Structure formats: C-alpha cells, structure tokens
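Using my numbering, you'd call the opening residue of the sequence shown number 1255 and step up by one each time. Built from N, CA and C at the ideal position, the CB exists for glycine as well. From a predicted model like this one, the values you see are computed outputs, not experimental measurements. The block underneath contains the structure these notes are about, expressed in structure tokens.
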Amino acid sequence: MAREHGGGWIRLMYAYPSTFTDAMIDAMARLPNVVKYIDMPLQHASDQMLSRMRRHTSAERTQELLTKLRTRMPDIALRTTFIVGHPGETEADFEQLLDFVRTNRFDMVGCFKYSREEGTPSGTMDQDPALHVPPEEADRREEALMLLQQEIVFERNERMAADKRKLQLLVEGPDEENEAGKGEHVYLARAPFQAPQVDSLTRLIAKRTLSAGEVVDAVVTEAMEYDLVARPEDELHRRVSLPMAGRGR
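And the structure:
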C-alpha cells in the first residue's frame, strides 16, 4: 500500500512485547517501506517487577524476542522505555535492569519514575510502607539508568562518525537555529532510526537547496552527543575534472 501512494517510511511505535509474533518479525524484515525500527516499551527486566506491573511476559521471553529481532534484522534500531521506583522494586531488581540495558545496548531509552495513581493495583501496593520506594531513591535510579544509556549512545554516535557511516536521511526542513559556512545550508533531518518528537536527529549540511520530504544519501561526519552531523554523499565524493594539456608534436 505504501508503494501505491508514492512510497514513504512506515514506523512501528508502541509495540506490545507479549503479543509480538514471529510472523510480525518476518513482515517487518520483508516489507521494504517498513523501516527497521521498533518502539517497544519493556518497562522492566526483572520477573518480579514484570509480574507486579502485569506485563504478561518474563525477562527470558523478552530477551528471546530481542534476540529474534536482531537475528532477523541485524540493523534494527530498538527503542524502549522503563519504569523505576515502582512499588516493590528492590535494589536487586534495579541492578538486573541495568545489566539488561548493558547487554542489549538499546538505541534509545526513555525512563519514567513511578507515580501513584489512586484506585490501581500499583497504587494500592504503593501504600504499603514495605513496598513503597522513596522519591529520592527513584531519582537516583532514574539518573543511574540514563547515565548508562548516555554512555551507550555517545559511544555509538562517535563510532558512526569515525566510520563515516552512510545513512538515508529524510529532510524535515531548514535548521533555523544553526548556520553553516558560506554557500551551505543546514537542514534538520532524520535517519530511519530517529523517530520524530521522541528521538535525536541529524543536522544535514548541504551546498544545494533541499526540500522537506526529500530523501538524501548522506555520510555521518560528526557526533554531537545525542545528535549527528552529516553531508550528502555526492557532495563529499564529487570529482573535479581538470583540463588536459594537448601533446606537442
């Protein structure tokens, strides 16, 4: 259907892990207009916490699913979210979550601190002093998790810049906050692994004028912490022909 309407990128957001099947993985891998990106809120990596959160899965099944996704699509980008400070979360549970993030090296991670909602099972649990996680402890866990993820992302982006990684970029429009050198333009753009509003972006520096919606083959030239900088591949590799002098006789 995407091809019938001129192509485009189809991105899968908020996929529920307990109902994500092998057939869905095969479809993602097979369909050319479905970008190799998935947003899958896993919430935690401890069986005890997954049970308390009523996620209907286990740490083992979650790991099996992630392994299948990466085996079938080695270049897939994985985005997820976790909750820390949920009632009953122990230090051991949290350390298991950190180990899970270290092992899987997600491309993007969001973290939320638990917030009590009255009338819910979790809200009832939170009223139990033995299960309640103090706010300052939830703050500490959130910071530790996001610092770990920061290390992973910064290292990945620096490697992409060092390797001159080639990307397809979808141009969103001019970057109004940054200027390039004389005769160049700066555009906000997104790679397949960068979803709008929730992920980082790529600043594309180009000599020619580009339009919103244009897809450009580009090369990563620099890492700016979470964001990337790239240039069109054809501008980097453009050849210049010099006039040949005639041979004397």
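Which class does K1322 belong to by DSSP, given the choice of helix, strand or coil?
-> Judged by DSSP in its simplified three-state form, K1322 adopts helix.
Would you kindly check if the distance between the Cβ of R1457 and the Cβ of D1481 is under 8 Å?
-> Contact: yes.
Out of Y1268, F1348, A1313, L1285, point me to the one whose CA is closest to A1392's CA.
-> Cα-wise, what sits closest to A1392 is F1348.
Coarse secondary structure for M1278, derived from DSSP in three states = DSSP, read as helix, strand or coil, puts M1278 in helix.
Starting from A1477, trace the beta strand (DSSP E) both ways and give me its first and last residue.
-> Per DSSP, A1477 belongs to the beta strand (DSSP E) from 1469-1478.
Residue burial classification, P1486 (beta-carbon count within 10 angstroms, cutoff 16) = Answer is buried; the Cβ neighbour count reaches 16.
By how many angstroms is the C-alpha of Q1302 removed from the C-alpha of V1425?
-> Linking V1425 to Q1302 through their CA atoms gives a straight-line distance of about 44 Å.
What is the C-beta distance between K1290 and M1267, in whole angstroms, given that I count them as a contact (C-beta under 8 Å)?
-> Actually they are not in contact, since the Cβ atoms of K1290 and M1267 sit about 14 Å apart, beyond 8 Å.
DSSP three-state assignment for T1382, whether helix, strand or coil = In the sequence on display, residue 1382 carries Asp and not Thr. Looking at D1382 - three-state DSSP - the assignment turns out to be coil, as it is neither helix nor strand.
Which ranges does the beta strand (DSSP E) cover as unbroken runs of at least 3 residues, wholly within the segment 1329-1406, from first to last along the chain?
-> Contiguous beta strand (DSSP E) elements confined to the segment 1329-1406 occur at 1331-1338, 1362-1367, taking only those with 3 or more residues.
Given T1334, which residues of its chain have a CB within under 8 Å of its CB, disregarding the five upstream and five downstream residues?
-> If we look at T1334 and ignore the five residues flanking it on each side, its Cβ neighbours are D1293, M1294, P1295, L1296, F1360, M1362, V1363, G1364.
What is the residue span of the alpha helix (DSSP H) that R1457 lies within?
-> It is not in any alpha helix (DSSP H) - R1457 instead sits in the beta strand (DSSP E) that spans 1456-1460.
Helix, strand or coil at R1309 according to DSSP, with G and I counted as helix | Residue state, collapsed to three classes: coil.
Cβ shell of R1265 (< 7 Å), same chain only, five flanking positions each side left out | The residues are V1289, Y1291, A1449.
May I ask which residues mark the beginning and end of the alpha helix (DSSP H) holding E1430?
-> Per DSSP, E1430 belongs to no alpha helix (DSSP H) and is neither H nor E.
For R1419, three-class secondary structure by DSSP | Of the three classes helix, strand and coil, the one that applies to R1419 here is coil, per DSSP.
Is the distance from the Cβ of L1464 to the Cβ of L1455 below 8 Å?
-> No, Cβ-Cβ distance for L1464 and L1455 is not below 8 Å.
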